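Novice: Once you've had a glance at the structure underneath, I'll fire off some questions.
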Amino acid sequence: MELQVLFSGVPYTGTLPQGEAVLVTQDSRRACPGAVFVCARGMTTDGHDHARKALEAGAVCIVTERPLGLPGEVQVASGRKAYAQLCQNFFGRPAEKLRLVAVTGTNGKTTVTTLIKQTLEQAGCKAGLIGTIHTEIDAMDVPAKYTTPEPWDLNALFSRMVLAGCTFAVMEASSQALDQLRLWGLTFEVGVFTNLTQDHLDYHKTFENYFAAKKSLFSQVKHMVVNLDDSYGRRLLDEVRGPERITFSAGDDAADYTARNIRLSASGVKFEMVGRGFIQRIDFPMPGDYSVHNALAAAAADIALGIPARDAAAALSASR
2 MELQVLFSGV PYTGTLPQGE AVLVTQDSRR ACPGAVFVCA RGMTTDGHDH ARKALEAGAV
62 CIVTERPLGL PGEVQVASGR KAYAQLCQNF FGRPAEKLRL VAVTGTNGKT TVTTLIKQTL
122 EQAGCKAGLI GTIHTEIDAM DVPAKYTTPE PWDLNALFSR MVLAGCTFAV MEASSQALDQ
182 LRLWGLTFEV GVFTNLTQDH LDYHKTFENY FAAKKSLFSQ VKHMVVNLDD SYGRRLLDEV
242 RGPERITFSA GDDAADYTAR NIRLSASGVK FEMVGRGFIQ RIDFPMPGDY SVHNALAAAA
302 ADIALGIPAR DAAAALSASR
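This note's numbering applies: residue 2 is where the sequence shown begins, and numbers increase by one.
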């Protein structure tokens, strides 16, 4: 890809070299002739320290946050933001051809994303899934390296989903990925918040930083689906403005979708989902009271995507 095309819409200073890009990377070990190497600071390393090594390996362009005086160098305000945008451009901005759904929170992300994908498929839609356990491109399984891939791998997956005829991509959004801006520049039709408990403080250091990372997703969503029973879900509703707000609860009538008459058993949970002008019975084949929240989160997201409530309830009851 021509560098001028690759950098379309990416703010930078300096003179962009002439040439073709064959790869965009933040890992100097992957640098090769025709690579664009993007420098960014990490927790323990700084890509600027490896820029010369990438240049010696044949990189055609070096993207930095500060002047290094290297040939083929341009400067950007944020290496991580530029990397995300460049990767999107390289693959032809495939996310714009998909309806994106992201699920974040401490617990339930894998279950909720899987349920949303299954419901979409039962509605006749082709969907991709990106998550902790694996990635699915329609019916094809792909091993997962990270819960939320780096921008190069993420956009490569989006591109494969588009080629496979998918119209939806449902993904888990980890706090580390959000903090590292791996999802920068993407717009999600629906963002789901499950809950927040103490986790990943080895990375985030403080719980406040952990919450802030999760919260950042909702500046990129059109509809936010939030657990009203979680204290941090309620805080999210207080602090985030802009997206349409959709809430769910296992008992609070103030929520948009509420579970009534919950019956727990070893084989699953049964309840009535009460929403705007409807009551739908759900026989969800996963035990545990947390399964009520997972089922409601998936149903609320499905309905926001245009799936009728009765079809969402039927799909959840038939889930595996």
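Ideal Cβ placement from N, Cα and C applies to all residues, glycine included. Since the structure is predicted, the reported quantities are computational estimates derived from the model, not experimental observations.
Work out the CA separation of Asp47 and Asp239 for me, nearest whole Å.
Specialist: 36 Å
Novice: So for Val11, helix, strand or coil by DSSP?
Specialist: coil
Novice: What are the residues that DSSP puts in a beta bridge with Pro144?
Specialist: Paired residue(s): His135.
Novice: Quick one: give me the first and last residue of the beta strand (DSSP E) that Cys62 is part of.
Specialist: Annotation for Cys62: the continuous beta strand (DSSP E) segment containing it runs Cys62 to Thr65.
Novice: Can Gly269 and Asp290 be called in contact, C-beta distance under 8 Å?
Specialist: In this structure, Asp290 does not lie closer than 8 Å to Gly269 by Cβ.
Novice: Which residues share a DSSP beta bridge with Lys206?
Specialist: Note: Lys206 sits in no beta bridge, so no partner.
Novice: Less than 6 Å between C-beta atoms, sequence neighbours within five positions excluded: which residues of the same chain meet that for Leu24?
Specialist: Ala36
Novice: Note down the Cα distance separating Ala305 from Gly129, rounded to an integer number of angstroms.
Specialist: 18 Å
Novice: Is it buried or exposed for His135, if we count other Cβ within 10 angstroms and need 16 for buried?
Specialist: exposed
Novice: Count the other CB atoms within 10 Å of the CB of Met225; is the residue buried (16 or more) or exposed (fewer)?
Specialist: By the neighbour-count rule (16 or more Cβ atoms within 10 Å), Met225 is buried.
Novice: Count the other CB atoms, across all protein chains shown, that sit within 10 Å of the CB of Ala78; report buried if there are 16 or more and exposed otherwise.
Specialist: Around the beta-carbon of Ala78, fewer than 16 other beta-carbon atoms lie within 10 Å, marking it exposed.
Novice: Can you tell me whether Leu265 is helix, strand or coil according to DSSP?
Specialist: strand
Novice: Under the three-state reduction of DSSP, which class applies to Asn228: helix, strand or coil?
Specialist: strand
Novice: May I ask you to report which of helix, strand or coil DSSP gives Gly20?
Specialist: In the structure shown, Gly20 sits in coil (DSSP, three-state: anything other than H, G, I, E or B).
Novice: Rank Gln123, Ser220 and Leu101 by C-alpha distance to the C-alpha of Ser318 and give the top, closest one.
Specialist: Gln123
Novice: Output the distance between the C-alpha atoms of Ala316 and Pro286, rounded to the nearest integer angstrom.
Specialist: Going by the C-alpha atoms only, they are around 11 Å apart.
Novice: Suppose contacts are defined by Cβ-Cβ distances below 8 Å. Is Met162 in contact with Leu99 by that definition?
Specialist: yes
Novice: Between Phe249 and Leu87, what straight-line distance do the alpha-carbon atoms span, to the nearest angstrom?
Specialist: 37 Å
Novice: Sort out for me which residues DSSP pairs Val270 with in a bridge.
Specialist: Note: Val270 sits in a beta bridge opposite Leu265 and Phe285.
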